Amino acid sequence: MGIDMYLPAFPLMAEEFRTDPSGVQLTLTAFLIGLALGQLVLGPLSDRYGRRILILTGTALCAASAAACALAPSLETLTVLRFLMGVSGAAGVVVGRAVVSDTAKGPAAARTFGILMALGGIAPIAAPLLGGVVINASGWRAVFGVLAAGSLLTFLITLVAVPESLPPDRRHAGGLRSTLATARSLLTDRIYLGYTFAFVFGFAALFCYIAASPFFLQYALGLTVGQASVAFAAGALTATLSSAVNARMVGRISPVILLRTGLATMLASSATLLALTLAGQLHRVVVIGPLLLFFVGLGMIMGNATALAIQRVPHAAGTGSAVLGTLQAVSAATVAPLMGVGGRDVAVPLFLGMTICVGLACLALRLTRRPAAAG
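If you read the sequence shown in the numbering used here, its first letter stands for residue -10, the second for the next number, and so on.
The following block contains the structure:
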């Protein structure tokens, strides 16, 4: 919700703050950098101190920073507050994945992560629609008031319904040196890195679309704010349904096969969209099919890649989740401002970026292949 709900307001915010698309997208980049750093710190801390206390503290601070965003007097202040919102909001993201790893293994973990991704898909479906309603009724600042209320509700639900999943005897008592040693071992694990980067670059392709879609849908395709919100929600709904179907297929079909199929689907669809754009055939009707196929493939990679990466390091699920999440956020923060380099003409940067990112994800998956035995 913190990423998607204010997307329909980007053109309005650019006008109010008298900046270009890249200036407004910088607030999104700041949130993602905060999300990356927060995960890098909070994931290992959850391996040491437990999961529950960090989720509670993080969501409380996220609520406070979101409320402050609603009152930001300038783009610079909003950017700083979005960074703080990202740092605190990271607790739910990174520790939530660790909780799943604590409570499920093997195909069950892949299935649970698939369900988690499907449930998480409700937010990007609802967020732009709700954001469009709130923006039209009360302006873009009211969006952050809603986000503050949502974070507070998350805090209360966690307080009542989420028990501690990491007992004291499974916690790491080491300090910073131990944490760095654990992180170093993950960064030298070729198979863990292969699945992690497949996830990271797949998400980066999605974020190319997230960052550019307000301008692409409204300027390139000529949709209204309301129509653009519906179009964005349709993509999120497709990914959610795909994730739900994927969760039911895990156990009967290998998560690795599902992951490869999803990446192949995303690559074919994004390359098709790029070709249509370069050929000058970019119209509302022709983009529907390839875009929906892109989101079908997305729903097949998120849960599978996450489960395959984290189950590779069950001894350090929090740190493994943190490394994955940090790289995810850094990649998203990197591609977001690049989508605005063409000003309002975002179609070519958008589909070129999507194609490159998915291509890198496919290459990363090659790292997971075990070397053939000598002789």
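Backbone N, C-alpha and C define an ideal beta-carbon position, used for all residues, glycine too.
Keep in mind the model is a prediction, meaning the values are calculated, not measured.
From the options, residue whose alpha carbon lies closest to that of residue i
i	options	result
Gly23	Ile290, Ser63, Ala322 and Asp178	Ala322
Gly191	Leu256, Ala217 and Leu210	Leu256
Ile44	Ala61, Trp129 and Ser140	Ser140
Arg41	Thr357, Glu153 and Phe221	Glu153
Ile146	Ala253, Glu4, Ser202 and Ala49	Ala49
Met74	Ala56, Leu105 and Met2	Ala56
Leu105	Leu282, Val347, Thr229 and Thr315	Thr229
Gly224	Gly278, Val214, Leu263 and Ala52	Gly278
Thr250	Glu65, Ala131, Ala(-2) and Ala350	Ala350
Leu142	Thr227, Tyr198 and Ala53	Ala53
Ala217	Ala200, Phe205 and Pro244	Phe205
Gly215	Gly121, Ala(-2), Ser258 and Leu354	Gly121
Run of the alpha helix (DSSP H) containing residue i, from where it starts to where it stops
i	result
Asp91	Leu64 to Thr92
Ala57	Arg41 to Cys58
Glu5	Phe(-1) to Glu5
Arg237	Val214 to Met238
Ala193	Arg179 to Phe204
Ala61	Neither: Ala61 is in no alpha helix (DSSP H) and is coded neither H nor E.
Gly139	Arg130 to Ala150
Ala298	Arg273 to Ile299
Ile246	Pro244 to Leu267
Tyr38	Pro10 to Tyr38
Ala305	Element bounds for Ala305: n/a, residue is neither H nor E.
Pro157	Per DSSP, Pro157 belongs to no alpha helix (DSSP H) and is neither H nor E.
Ala353	Ala336 to Leu354
Outcome for residue i when other beta-carbon atoms lying within 10 angstroms are tallied against a minimum of 16
i	result
Ile246	exposed
Ser35	buried
Arg71	buried
Leu(-4)	buried
Ser63	exposed
Arg173	exposed
Thr254	buried
Ala362	Interpretation of Ala362 is limited by its pLDDT of 43, a score under 50 that renders its predicted location unreliable; no figure is taken from the coordinates.
Integer-rounded CB distance, given that residue j should sit under 8 Å from residue i
i	j	result
Gly78	Gly47	7 Å
Val84	Leu148	Between Leu148 and Val84 the Cβ distance is about 14 Å, and since that is not below 8 Å, they are no contact.
Met(-6)	Ala194	Incorrect: roughly 21 Å between the Cβ atoms, too far for contact.
Ala61	Gly27	That belief does not hold up - the Cβ atoms of Ala61 and Gly27 are roughly 20 Å apart, past 8 Å.
Phe6	Ala59	About 15 Å separates the two Cβ atoms, so there is no contact after all.
Leu136	Gly(-9)	6 Å
Thr308	Leu155	Going by Cβ atoms, the distance from Thr308 to Leu155 rounds to 12 Å, so no, they are not a contact pair.
Val319	Met328	With 8 Å as the limit, Val319 and Met328 do not qualify as a contact, their Cβ atoms being about 16 Å apart.
Three CB pairs or more closer than 8 Å across the segment 181 to 188 and the segment 289 to 303 = yes
request  = Inspect the CB distances between the segment 152 to 161 and the segment 277 to 293 and report whether three or more fall short of 8 Å.
outcome  = no
Any 3 or more C-beta pairs closer than 8 Å across the segment 226 to 242 and the segment 97 to 104 = yes
query = Should the segment 300 to 312 be regarded as contacting the segment 265 to 280, the criterion being three or more beta carbon pairs within less than 8 Å?
reply = no
inquiry  = With three or more C-beta pairs closer than 8 Å as the rule, is the segment 174 to 185 touching the segment 115 to 123?
reply    = no
query = Any contact of the segment 203 to 215 with the segment 335 to 355, i.e. 3+ C-beta pairs under 8 Å?
reply = yes
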